[in-house]
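In this note's numbering, the protein residues as written are 779 to 1161.
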C-alpha cells in the first residue's frame, strides 16, 4: 500500500486487484496462500489506514478516509459539495486551505480536523498512511492494538483461555506433522506447558519496554553567530489552540550578528506542535530564497523535527509532506547545515512568533526588526 511501485506490489495488483485499490480487493478460492494471508489481516490494515493529503486530486471528500480522526476518518457533515468532489477543491489559490469554504461546507468539528492537515507546496501525490504511528508506517505493535479493538465474530474480547486453546491446537497440529515425518512426539502435559509459556512470552512482548533516556548533548544556551560567509536563520512557532491560530517568527543574521531580515506571520490552522515547528522551518527557508540571503545555516528548537529532516528519510505521515518540501528547499537555499538549538538561543524567533499571533497581516522587515525584539537583538549583538 505504501510502496505501490515495488515488484511485489505490482505482481499482486496484476494478479488479484487490477482494477481496484488494495482496500477494495477480495479473495477468491484459487488465490495463493500469501494472498489469503494478506486478506485475513486486511481488516486490521483497513481500520487503521487513511489517506495522506498531497495534491488532493484522488481523494474523494465524502467517500474516502482522509480526516485524521478515528475511527471513520470521514467528515460528519452532509455531502453538500457533491459525492465525488475531491479534496483539492478545498484548497485556496494561495496554497493553503480555503478557510471560508471549509466553514461554510463543514461543521466546526470537521473544519478543525481538516485545518490540522498540512498541505505540500511541491504537488506531492496523495498516499495511504497508517494513522497510529507518527511516521505513518505500519508497525506490528500498533497493529496488534488496533486488532484487539476490533469486534470480531468470536466476541469483543479475546480471553487468555481462548488464546491458550488456539496455541494448543496449533502445537498439536505441528506435532501431528512431526509424527508423519518420523520425529519424536510430546505428551499432553508438555504441550500445555509449552503453550502456556508461549502465551506468556507473547504478553511480555506486547508490554511497553522502558528504555533509559539517552544522555543529552550539552549545547550552548546563547545564540552563536554563523561562520564567515554564511547567514544564520532562526525560526519558531507559537500556538493559540483556542483560536486555531499559529504564529511564525523568522530572523536572519550575518556573521556580525546584524539582522538582515525578519518576519512575523500568522495562519489559521490547528496543526500539532511538531507540524507547526516544521512549517516554521519551511517558511524560514522560503524567506531565505525571497531575500537571496544564502548560503546559510538554520537553527530550530524543535529537536525531533530537526532529527527527522537530517535523517533524509521520507515519512509517510502529515508532517512528511512538509519535511519533503524542506529537504528540497535546503538545496535551493544552499543551506549547509540545520541544527537543534535550545530555546534560550532561539529567543528572537520565539518573540517574533508570539508577535505574529496578534498581527493583522504577515509582516516582513529587511535589515530591520519590530520593537518587541529590540532588546534581545542588542543584547545578542554585544555577546
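Note that the Cβ used here is the ideal one computed from N, Cα and C, for glycine as well. None of these values were measured; they are calculated from a predicted model.
Residue 903 sits in coil when the DSSP states are folded into three classes, being neither helix nor strand. Judged by beta-carbon spacing, residue 897 lies beyond the 8 Å limit of residue 872, meaning their Cβ atoms are not closer than that value.
The residues 1009, 1066, 1111, 1112 and 1113, in chain order, have a CB closer than 8 Å to that of residue 1072 in the same chain once the five nearest residues on each side in sequence are set aside. The bridge partners DSSP lists for residue 875 are 869. At the C-beta level, residue 1155 and residue 1037 come within 8 Å of one another. In terms of CA proximity to residue 912, 1092 leads the group 859, 1152 and 1092. The straight-line gap separating the alpha-carbon atoms of residue 1014 and residue 1138 is approximately 19 Å.
Between residue 807 and residue 1094, the alpha-carbon positions lie close to 34 Å from each other.
Under the Cβ criterion (8 Å, minimum of three pairs), the segment 886 to 895 does not count as touching the segment 795 to 803. Fewer than three beta-carbon pairs drawn from the segment 1096 to 1107 and the segment 1023 to 1041 are found closer than 8 Å, and the two stretches are therefore not classed as touching. Apart from the 5 residues on each side of it in sequence, residue 1006 sits with its Cβ closer than 8 Å to the Cβ of 1033 in its chain, given in chain order. Taken through DSSP and simplified to helix, strand or coil, residue 908 comes out as strand. With a 10 Å radius around the Cβ and a threshold of 16 neighbouring Cβ atoms, residue 1042 comes out buried.
Put simply, of 1088, 881, 1131 and 1077 the residue whose alpha carbon is nearest the alpha carbon of residue 1012 is 1077. Look at residue 790 here: in three-state DSSP terms it is helix.
Going by DSSP, residue 1077 is part of no alpha helix (DSSP H) but of the beta strand (DSSP E) stretching over 1074 to 1078. Residue 866 has its alpha-carbon roughly 9 Å from the corresponding atom of residue 832. Looking at the DSSP output, residue 1014 shares a beta bridge with 1027. If you check the CB distance, residue 1023 and residue 1046 come in under 8 Å.
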